Amino acid sequence: MNLDSLNTINSEEELLNIYRPPTDVVINKEVGEFDQGCQDFIAASTFLLMGTVCPEGKLDVSPRGGPAGFVKILDEKHIAIPDLNGNNRLDSIRNIINQGKIGLLFIIPGLGETLRINGSASITTERKILEIFSGELKTPKTAIVVQIETGFIHCAKSFMRGGIWKPETWKGKECRPSAGQILVDHSGLEGQLTGEELDAMLETGYKHDLKLDNARKNRVADSLRKLKR
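So for the sequence shown, numbering that gives the first Met the number 0 puts the first residue at 0; every next one is plus one.
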C-alpha cells in the first residue's frame, strides 16, 4: 500500500457528506462549569488521561491516578490535580507552562461513560491548594489548576467494544507485551539488562514511589526518624 497517495478528506464539507448529523442532545450536552454532575463524577474518579500541547505544537497524553477524590474541586470553574511522584520528565508540566492548554478524560472503574474536560491550566506551588491533598496523599510539590472551558459526558460504546471492564476478555500475562523488554529495546540497553530483569526493577520502583504518595506512612516514617534521633 502506498501511503503517500491515500484518498484523504480535506474539508468539513467532505466530512459531513460521510457522517450523519449529531442529535440535539449530543450538540447541547456541553457545559461551561463544574456543575454538580461533573463534581460527583470527578469525586468518584480514580484515573484520568491528560492531554497537553508541546511548545512545537506536538500533542502529548499522560495518565494520572489516585484514590477517589484525588482531584479536588476548587470552585465551579476550577479543579486542582496533584503532581505525584513520577519519572521527573515533567512533560505535561513543561507543556502547561509553555502552552497553557489541557484536555482531560476522567474515568471511573466499572463505568463505561467518561467525562471530558477542555480548558486552560497553570502550575501552582500555592500552599493553600497543595495542603488540600494532604489527607490521603503526601502534600505534592506542585498542583495543576485547570479552568474549564467545556465539559461533557462521553458515551460508553468505546469501553464496551474494548471490553475494558470485562476481565474475561483480557489477554493472559503470557500474551501481553513486556514493558521491560520494550524499554530495553527503546533505550539501547541490550546486553546490559534483560526484559525480565527490567520488569522486576520497574515493579520495585513502582512500590517505592507509591509508598511515598501515602501521607500516613510518610508521617509515621517522619515520627520514627525523630525518635531515632
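We put the beta carbon where it would ideally sit given N, CA and C, even for glycine.
As the structure is a computational prediction, the values presented were derived from the model and not from experiment.
| Query | Result |
| --- | --- |
| Residues of its chain near G269, where Cβ-Cβ distance is below 7 angstroms and the 5 sequence neighbours each way are ignored | There is simply no residue 269 to check, as the chain begins at 0 and stops at 228 in what is shown. |
| Closest residue to E135 among Q180, G56 and K71 (Cα-Cα distance) | K71 |
| Sheet register partners of G115 (DSSP bridge) | Correcting the residue type first, residue 115 is Arg in the shown sequence and not Gly. Beta-bridge pairing links R115 to L104 and F151. |
| Exposure of T113, with buried meaning 16 or more beta-carbon neighbours within 10 Å | buried |
| Anticipated Cβ contact below 8 angstroms, D59 with D90, distance rounded | 6 angstroms |
| Cβ-Cβ distance between L48 and P62 below 7 angstroms | yes |
| Bridge partner(s) assigned by DSSP for I96 | Paired residues: none, contrary to the question. |
| Of the listed residues R88, E29, I106 and K137, nearest to I163 (C-alpha basis) | I106 |
| Where Q191 sits in the DSSP three-state scheme | coil |
| For L136, the three-state DSSP class (helix, strand or coil) | strand |
| K170 (DSSP reduced to helix, strand or coil) | coil |
| Heavy atom of the ligand SAM within 6 angstroms of G179 beta-carbon | Here there are no bound small molecules, and the ligand SAM is not part of this structure. |
| Same chain, Cβ closer than 7 angstroms to V219, neighbours up to 5 away in sequence not counted | Summary for V219: the model assigns pLDDT 45, below 50, so the residue's position carries little reliability; its value from the coordinates is reported in the next sentence. Within the same chain, V219 has no close Cβ partners at all. |
| Length-filtered (4 minimum) alpha helix (DSSP H) runs lying within the region 37-68 | none |
| T51 burial status per 10 Å Cβ neighbour count (16 or more: buried) | buried |
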